[in-house]
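Let me begin by presenting the structure, written as structure tokens, before commenting on it.
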């Protein structure tokens, strides 16, 4: 088992990385000068580390250091004989050296240095900032997990101004702190003068260093002597001392800031979804940076309080890897600190900034709209509407649906209702209990009363929400658990058992006649007897997230959609039944495949969509397409807010005015300033393109294969009734291992478990009754936050439910470790 | 008058920019090879342009081209004798050469080439991608306005992999399209093999080129002959032909895409605030990129329709600069395509991606919160709450205010009202008529019925909105225009005249007793007689944006705030009058300076704040601080969505639960997934820091000085009654010139004009009655969109109002041109 590595920060070990703007700019000379300057220090040990070196051993950089500064500790970890770039030197030697091996070895060195007492460690890279490492990865990417403070050795030669700044930019967009730039002085090109002024604006001090004497080719001894004098003199000179002081100050400031941040945040920040009463700075976790699946965070115990000042003698690291198990509030997909997404964002910012979207078009926004329309494979969808987050996108979706229904059914919300002396509810929505569609007040009204909206002064429930049967894994057994209300109404057992999750999703083989009866009876009562008017069916398909990771029986949701569509008179007695296609299974789209019927069906896929549950969308899970779909969260792969509400032509047409250009008032008068911002759209195109490519390339086939076990043989199902674009034999899978999930479901403290796609949720038994107000899972969350073997897990809870969410690039090896830790913490 | 330059794209003139990854990587060799390959083409003229060259004339690159490819057109624009980087060569010659002069000269060349018929133009840069131009600006920044497609000459030497990729990244983050990479082959380092694979992932084809023969030092003639053979042979070889084909295909694809985009957008996009009935692709403007104040856009007339195919013989440019006069929906501040903001965004993306914010803290989010608290200079403000846009931030602000009022006054929105048999309105807000606070349904309820919310099914007006007097410049005269409702109630003239805008803002010298009477009477009626309960005063200070750029009399808004604060019994008969400070003007904050009184006062500064109207916030304009302030739009300088709702401690405290940790339900249960995203917060820190620095550095002193003319001498006003942090002698200014604004106000078609900060709004006379449904300003907007002298103005209208908004870095010179164009288009 490899050690989990991440950002490196020991208060008493100042680690530094020496990067070069190019090869041959004097990295080793600068390193030797710094070592020379440090060699007299009694208070700290100096370590020089060259992880990878190429060329003859006696010419290696640490040999150079050892020769001129013999009294410090210097070391090369991997040496290859050919004087070439490491990736070629390895190929020449027929060797392989994966990144992880270098990272593990370097980290082991740091650990050893930290144990050895106060010190400073200089890590010299090979070649330039983006020169290839042995595996072909660039230097800056190879060492990014550590995110060491950088001393950049600039290029003093002709052209060196440009290469120095470009090197700076390449480091900077990979999230590095560049604490100083140093370069050899040159009287002709004077790069240091230009760069000092330039980098001052970037708050990066720049230092010029006396260059070494010209090589004395007449005598090796004389040359060595001259160099020794140079190192002694220049090493003790002002500029080198200034470099060291600057770097040390930056190190100390960073630590001070990390210690101060919890209190400062406690003072200045009003946190979302947080009861602040009784909270202290100890409740705030400092995230210094993040990489792939991990935060680099200050472990809670390491935050000093006034009563418990930081132990200055401590050799514990201040930062540790912490698994981001909420996928940063469900957004994360392609890994934190992803350099491709960073560069893509920068390109859009550099090309556009943000540009006006109304009546205009830019390439990223158009490309994203086309990509979504293509990959949703939903013949109903035709138009993409942009907003900034799931909540605003759902506001738009509900506005779209209500208007379409009102136009078709001739309802006017301003008519005061038709229902006589009862309080008219206006136009309402249908949904499921436990739904959550966002925090803006309009979409709050689309959920039933709950703790979320109880104290919102303007909240008004506007809908009817069905009880629904839930999928659960309980003591190793997949079941569908029907709440009493629905079980008695349907004449169903409260719990039906299934051999596998696949069997549950094999909708064609299951009988939904009881569901049809139940839904028909309920709607008849609501519409015919109570006179209520519904304008949309709004639901999160398959998993209701914020409501507590409730796994809805897909057959129930399927039945709700198809029944409302095929029996529109359930919604409006005057509605006509949709025309049956003239030629069934016709390859051309008929109206039943595109126009809405009964009610506009709105899928809130803000959380569930874009591969969070394993598929691009959930239509195939439910064997039915929505008329409107909302996507957000994973849309930008976990970088910036963006949301799309994609709707059918028949919804769009409801906003066309007969008054032509003068009918502004009939248009959808909604639009945020940053609508379809280029940065978000560019990143989304890159991110979604990446995810689609991963699926096409079989990136998740291992997970899929392991979940196929125990399921019915993949016999081809009937698809006569399917809408086009619906895959009927879709794989149901999770990146969480089936064996682990089953094992957890047997634990005594566990009520049940669910897993689908990258989501794992564990409902704990809670004597006091479950729900958002429950605190049952908090002790488990705290246990997982304890650092063991140098890492911990940061998770979020929803009442008695604790959940874990992987990214779409998270590896099986990584999850292995997480599963082990979780398993060990649950009783 | 200089020509306005921008992105360059002539369909029949393929322009290309040759950048080098470093100096001495073979840019001129590659250029010569391409010229050689093109020299035989009869169908097009080849132009080689070296804008700036250093070193002896006979060694200049165009001399090299002229020697080896004599039959093409080659030219150097600026030659300096010293073989140094241009910025040093100039210094040596004691010369200056501003960027604009180079840009103008290069653009003039392009124009001449385009007139000369079909052709291809190669523009070779000096040194590497970021090597300094004569002024010190980098090459990539100097030529960015043109955004020419790039052929990057990579570095074939040791270290060249890294420098080539870094050069690529520096170009990419400045928004360039890099259409190809070419480098000389080297058998030892084989950089081309690595880079081909690497850039393939970036969709950039990479080509290896046979290097030239080694220099023959024995004979100049022999050497020249060998080079001539090399150019002839290699120029006609496959790789060079492939390079040319690749670049030409990219050029053609770009043009094809630009032509296709309007139809594709028309098909796929549902536009915000747009009535689509009758719209066609001709209504959609294609924005290829943007830079500083301009879009680079396809002028409408240039969009070919099926009935009017593109004239293939046309030598008109396909892209033209179009002034972004809506500041991209009011967001733009630091210029489009700002490389500093792009790099800042990339750094945050590379360091974090997005990281969970609840119970955690990251540096950019903390820094931004602290920066806002510092610069608002409002002793009331204590806590920053993050959301994604103005609408969501206002939802939060209203939730905050309503709860605080309910807690203090013991109101429970669930109690069904106390008003007997009338329909209870619940808890409402006070505001001004014409307010607009966003598009989500909750904040829509905070505005009075209007065309914006008329068709929103769930809209319910929840408030009372005051008529208010407006500031207008009419026929050269500043007036305050009171609507009849308020004029008769107050016994005021409908129009009072003022000598200057400064006089209007000199609140201490003006009499507000009539306003006090009017507001007192109105509130007494609402609260005492009608029994209505108000939970907040919500308003856009000074200028109500979406309502039609309504300039409210600051004295009226001031009076509303201070009256409610000092007379809380106007709101709740049980409220106590706030304690008077024990020591007036005490340096320590007393309770009247921090706790809310009467009502929580909420300023919607989404549009007005952060220097849009010339100040960090509008508190000094109104001589009163809010208890809650919402900022967005300019917050990120025009890059990505982000919003802050900043509130006082006394508002915050209303959400503290007596149930401690179990009182989750009492917390503000609001929070979007990307809350306080690192990219947005980093960019905001950079952007706001920049704006604050500009103010401190006197960047707008010229504007301020010109608006001080005609105003009362700056006598020191009494500030005994002021809250701390309020500047009493603040300058009232605009970047639009006072003379121009007055001139426009005299035009016969103009009703009145307003100008403040970077906002200019012109209300046109509209026989049919003004308002959002008016189309009076559309013909002016269309006239401004016509291209003249190679540029046009893209503006937005609000009913009969057309407005123009500059960025915070827009220059007087630039505005001069815009003012001239506007003045010429208005009757």
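Protein chains in written order, with UniProt numbering: chain A, 1 to 827; chain B, 1 to 827.
Where a beta carbon is used, it is the ideal one built from N, C-alpha and C, also for glycine.
If you run the structure through DSSP and keep just helix, strand and coil, what is residue i?
i: residue 49(B); result: strand
i: residue 549(B); result: coil
i: residue 294(B); result: strand
i: residue 452(A); result: coil
i: residue 833(A); result: Coverage of chain A is limited to positions 1 through 827, which leaves residue 833(A) absent and any answer about it impossible.
i: residue 143(B); result: coil
i: residue 500(A); result: coil
i: residue 377(B); result: coil
i: residue 508(A); result: helix
Which residues of chain B have a Cβ atom closer than 7 Å to the Cβ of residue i, listed in chain order?
i: residue 330(A); result: 673
i: residue 243(A); result: Going along chain B, no residue has its Cβ under 7 Å from residue 243(A), so there is no contact; the nearest lies around 23 Å.
i: residue 677(A); result: 640 and 641
i: residue 375(A); result: Residues of chain B passing the Cβ test: none, with the nearest at roughly 13 Å.
Looking only at its own chain, which residues have a Cβ that is under 7 Å from the Cβ of residue i, when we skip the five neighbours before and after it?
i: residue 884(A); result: Chain A is shown from 1 up to 827; residue 884(A) falls before or after that span and cannot be answered.
i: residue 496(A); result: 479 and 480
i: residue 320(B); result: 6, 297, 299, 787, 790, 791 and 792
Can you round the beta-carbon distance between residue i and residue j to whole angstroms, since I take them to be within the 8 Å contact cut?
i: residue 380(A); j: residue 625(A); result: 5 Å
i: residue 778(A); j: residue 784(A); result: Contact flag wrong, Cβ pair sits at about 11 Å.
i: residue 297(B); j: residue 283(B); result: No, residue 297(B) and residue 283(B) are not in contact; Cβ-Cβ is about 14 Å, not under 8 Å.
Excluding the 5 residues flanking residue i on each side, which residues of the same chain have their C-beta closer than 6 Å to its C-beta?
i: residue 383(A); result: 647 and 652
i: residue 462(B); result: 428 and 445
i: residue 680(B); result: 636, 640 and 642
i: residue 570(B); result: 523
i: residue 255(B); result: 11
i: residue 759(B); result: 805
Please list the partners that residue i has in chain A, where partner means a Cβ-to-Cβ separation under 9 Å.
i: residue 413(B); result: 455, 456, 457, 458 and 459
i: residue 264(B); result: 361, 366, 369 and 370
List, in order along the chain, the chain A residues whose C-beta lies closer than 8 Å to that of residue i?
i: residue 276(B); result: 652, 655, 656 and 667
i: residue 435(B); result: Per Cβ cutoff of 8 Å: no residues; residue 435(B) is ~15 Å from chain A at best.
Using C-beta distances below 8 Å, list every residue in its chain close to residue i, excluding the 5 sequence neighbours before and after it, in chain order.
i: residue 231(B); result: 32, 33, 36, 68 and 69
i: residue 87(B); result: 132, 133, 134, 135 and 136
Which chain B residues are close to residue i, counting only those with a beta carbon under 8 Å from its beta carbon?
i: residue 383(A); result: 268, 269 and 270
i: residue 805(A); result: Within 8 Å Cβ-Cβ: nothing; residue 805(A) doesn't reach chain B, min ~11 Å.
By the criterion of Cβ-Cβ separation under 7 Å, what are the contact partners of residue i in chain A?
i: residue 399(B); result: 456
For the structure I just gave you, are there three or more beta carbon pairs, one from the stretch 473–486 of chain B and one from the stretch 525–542 of chain B, closer than 8 Å?
no
For the 8 Å Cβ check, are there 3 or more pairs between the stretch 10–17 of chain B and the stretch 348–366 of chain A?
no
Quick test of the definition: if touching needs 3 or more C-beta pairs under 8 Å, does the stretch 66–79 of chain B touch the stretch 49–57 of chain B?
Yes, the stretch 66–79 of chain B is in contact with the stretch 49–57 of chain B.
Are the stretch 224–244 of chain B and the stretch 257–265 of chain B touching, with three or more C-beta to C-beta distances below 8 Å?
No, because fewer than three Cβ pairs between the stretch 224–244 of chain B and the stretch 257–265 of chain B fall closer than 8 Å, the two stretches do not touch.
Is it a yes or a no for the stretch 142–162 of chain B touching the stretch 93–106 of chain B, going by three-plus beta-carbon pairs under 8 Å?
Yes, the stretch 142–162 of chain B touches the stretch 93–106 of chain B.
Check whether the stretch 738–749 of chain B and the stretch 381–401 of chain B touch, using three or more Cβ-Cβ pairs below 8 Å as the test.
No contact exists between the stretch 738–749 of chain B and the stretch 381–401 of chain B.
Specify whether the stretch 178–192 of chain A and the stretch 170–186 of chain B touch according to this definition: at least 3 beta carbon pairs, one from each stretch, less than 8 Å apart.
The count of Cβ pairs closer than 8 Å, one atom from the stretch 178–192 of chain A and one from the stretch 170–186 of chain B, stays below three, leaving the stretches out of contact.
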